[in-house]
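Following: one structure in structure tokens, then a few remarks.
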Amino acid sequence: MLLNLKPLNSFTIATMLGFSLLIFFCYILFNFPSATTSQIPIPKSQSQSQLQTPPQSDPFKNLLGAFKKWDLEVGCANFKQKHVGLVKRDVKLSSLQVGVGVGEDQCGELKMDHVGVLVKGWTWIPDNLDNLYSCRCGLSCLWTKSSVMVDKPDAVFFETTTPPFRRRTGDPLRVYMDLEAGRKKSGFEDIFISYHAKDDVQSTYAGGLFHNNRNYHLSPSKNNDTLVYWSSSRCLPQRNQLAKRILSLLPHHSFGKCLNNMGGLDMALSLYPECAKDPNASPQWWDHLHCAMSHYKFVLAIENTYTESYVTEKLFYALDSGAVPIYFGAPNVMDFVPPHSIIDGTKFKSMEELADYVKALANDPVAYAEYHAWRRCGVLGNYGLTRAASLDTLPCRLCEAVSRRGGRDATGF
Ligand SMILES: *[C@@H]1O[C@H](CO)[C@@H](O)[C@H](O)[C@H]1NC(C)=O
């Protein structure tokens, strides 16, 4: 059916023209800023920072070039405004021990000015934590695995072995650490160390000591076609299933024993020979971990269990390698990482949606670079605290706790 349109009379035409002119003048007057919001649908939980660049498909390789573009189109000042809440750290923190250790105003709480800690039995703690530390408030802290260095310790430290069942006044304080997801106390400790803020002393996984002796050569060039790095050699059924679902949707390299698609183990060095630390030595997988990861825009990181505050080295390796982690793990992970630095896979409705998001980011240098902004605009948000509460600073923080309790003088059995 044809609409029977009346011919427009001159009044209507004049009115329409008038309106058009009005709109045109408004446009000029207010000089509407060019839209800078992205076509990439960033989930709300990820960020409010929708960059609007016209839809583009640029499977860039040059990371530093992407940073330059981001500087021009967004920049640190805008970024800090977008994340002002996090930058100001006005988030309620139940994830991190705030004011880790003692502040200068709490120096009076310390009862000793020197503490010796003897590490007993087998432990994951690397030998090079052994040191004499100068801590806050003039406290010195001798941390050692040798009873020659400290024959009368103020505290004895256990990780994989159980402390003595009893402690008399005059005996060293018993310290027990369990950094596994279960956070199991021995039942015989005076001071308990684990990854949760509620523990006597918190130790996050965000420290350099979790990855000694590694090759820190990082590639400034990213693969443009293979987007995701994955390596896992503990093939837990649930993790494997999840990895399979997401990896089937994204071009990836899987280097470990689980879902290996590289034709064998230890193939990273043949792909990236520049990652070899010492061409004559037989390589260990951890030697070239960061270097290998750095060739990818994304690193998949899946925790063994999704436990509050259990954010392990899997995530921090990826961040430290200059990749963007796609993370499945602790529900409160955002409290531990810099603003807009990771993709929380659990916040997507489906794996397809997540994969689409990752692919769009990989083709948008500005949106991708935004995930690296935190390293280039100053360490923002809680991340400073996360690092400050790592294993790297454990000796001082433990010695402070021992000193506060009076060491061997603390009342015991
Ligand atoms: C990746 O880069 C190579 C070489 O620069 C190019 O030949 C190839 O087409 C690129 N792949 C994609 C998906 O753009």
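So for the sequence shown, UniProt numbering puts the first residue at 1; every next one is plus one. Think of the CB as a built atom: it goes at the ideal place given N, C-alpha and C, for glycine as much as any other residue.
For Met334, there is no enclosing alpha helix (DSSP H), since its DSSP letter is neither H nor E.
Judged by DSSP in its simplified three-state form, Leu132 adopts strand. Relative to ligand 1, the beta carbon of Asp225 is positioned inside 6 Å of a heavy atom. In this structure, the alpha-carbon of Val337 lies about 34 Å from that of Gly407.
The closest heavy atom of ligand 1 lies 6 Å or more from the beta carbon of Pro251.
Relative to ligand 1, the nearest heavy atom lies less than 6 Å away from the CB of Pro59.
By the Cβ test, the segment 171-180 is in contact with the segment 392-410, since at least three Cβ pairs between them sit closer than 8 Å. In the structure shown, the three-state DSSP call for Arg174 is strand. Following the DSSP letters along the chain, one finds Cys141 inside the beta strand (DSSP E) bounded by residues 140-144.
The segment 264-302 contains, as complete alpha helix (DSSP H) runs of 4+ residues, the segments 268-271, 289-293 (chain order). Ser390 has Thr204 as its beta-bridge partners, per DSSP. For Trp230, DSSP records a beta bridge to Ser254. Sixteen is the threshold: since fewer than 16 other Cβ atoms of the shown chains lie within 10 Å of the Cβ of Tyr216, the residue is exposed. Lys257 sits exposed, since fewer than 16 C-beta atoms from the chains shown fall within 10 Å of its C-beta. Note on Arg167: 16 or more other CB atoms within 10 angstroms of its CB, so buried under the neighbour-count rule.
A direct Cα-to-Cα measurement between Ala292 and Gln284 gives close to 13 Å. Thr346 sits in a helix when the DSSP states are folded into three classes. Sixteen is the threshold: when 16 or more other Cβ atoms of the shown chains lie within 10 Å of the Cβ of Cys135, as they do, the residue is buried. Residue pairing from DSSP leaves Ser309 without any beta-bridge partner. Taking the Cβ atoms as the reference, Ser203 lies roughly 5 Å from Leu394, within the contact range of under 8 Å. Boundaries of the beta strand (DSSP E) harbouring Tyr327: 324-328, taken from the DSSP string. Taken atom to atom, the span from the alpha-carbon of Pro126 to that of Pro237 is near 30 Å. With respect to the 7 Å criterion, Phe188 and Phe157 are not classified as neighbours on the basis of their beta carbons. Between Ala369 and Leu361, the CB-CB gap reaches or exceeds 7 Å. DSSP places Ala155 in the strand class (E or B) of the three-state scheme. The straight-line gap separating the alpha-carbon atoms of Leu179 and Ala206 is approximately 13 Å. Cα atoms of Met177 and Val358: separation of roughly 37 Å, rounded to the nearest angstrom.
In chain order, Asp113 place their CB closer than 7 Å to the CB of Gly138, counting only its own chain and leaving out the 5 sequence neighbours on each side.
In this structure, the CA atom of Lys68 is about 28 Å from the CA atom of Trp230. Where Phe192 is concerned, the enclosing beta strand (DSSP E) starts and stops at 191-194. In the DSSP assignment, Val366 falls outside any beta strand (DSSP E) and lies within the alpha helix (DSSP H) extending over 365-370. Here the segment 263-280 does not lie against the segment 321-333, with fewer than 3 beta-carbon pairs under 8 Å apart. Per DSSP, the beta-bridge partners of Ser221 are Asn62. Around the C-beta of Ala77, fewer than 16 other C-beta atoms lie within 10 Å, and the residue is accordingly described as exposed. Distances from the alpha-carbon of Ala243 to those of Phe192, Ala301, Met267, Ala388 put Ala301 closest. The Cβ neighbour count for Leu385, taken over all protein chains shown within 10 Å, is at least 16; the residue is labelled buried.
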